[in-house]
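The structure under discussion appears below in the form of structure tokens.
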Amino acid sequence: MLKPPPRTKMEYEKVRTDDWTQGVIDDIGHDEKRDTGFKDDETGESKIVDSVRFKFKLEGYHYPPYSRCLALSYHEKATLFKKYLTPLVEGAKPDMDFDLERLKNMGVKVMWVDNRDFQNLEMIRPLDKKIDPTVPF
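For the sequence shown, this note's numbering begins at 11 and goes up steadily by one.
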């Protein structure tokens, strides 16, 4: 009989879904050369992008959940811009001059959704007020 060896299964701490959870943006990881797994239409080569990933510290949870990797782009259709900057930065505009480091340690409330075996951040809002990008950091 030829069978693969059993795989060890990892149990991850699941975040409550479909309800708000409070916490802070603990860190923002940066990867300058992340392979997206997609091919460039013109060259056929792997698409390499500058990306970021948010790490959260949430109330009531031992392990920090992370966002998915996001292209470091403030384009109006970019997930980073639509899902993070628009709700957290006052008057966010596409291609604005804004340092993401300003979001570190910001109090937020987040809502997660189940996506098969994974969980994804669905919504994020500031606990207090949005960051004013005109005020010096």
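Think of the CB as a built atom: it goes at the ideal place given N, C-alpha and C, for glycine as much as any other residue.
These numbers come from a predicted model, not from an experiment.
- Under the three-state reduction of DSSP, Glu132 is assigned to strand.
- In the displayed model, Leu110 falls within a helix according to three-state DSSP.
- Across the structure, Lys13 and Arg126 are spaced so that their CA atoms are roughly 26 angstroms apart.
- The Cβ neighbour count for Trp122, taken over all protein chains shown within 10 Å, is at least 16; the residue is labelled buried.
- A straight line joining the alpha-carbon of Asp37 with that of Asn115 spans about 7 angstroms.
- Between Lys93 and Ile134, the C-beta spacing is below 8 angstroms.
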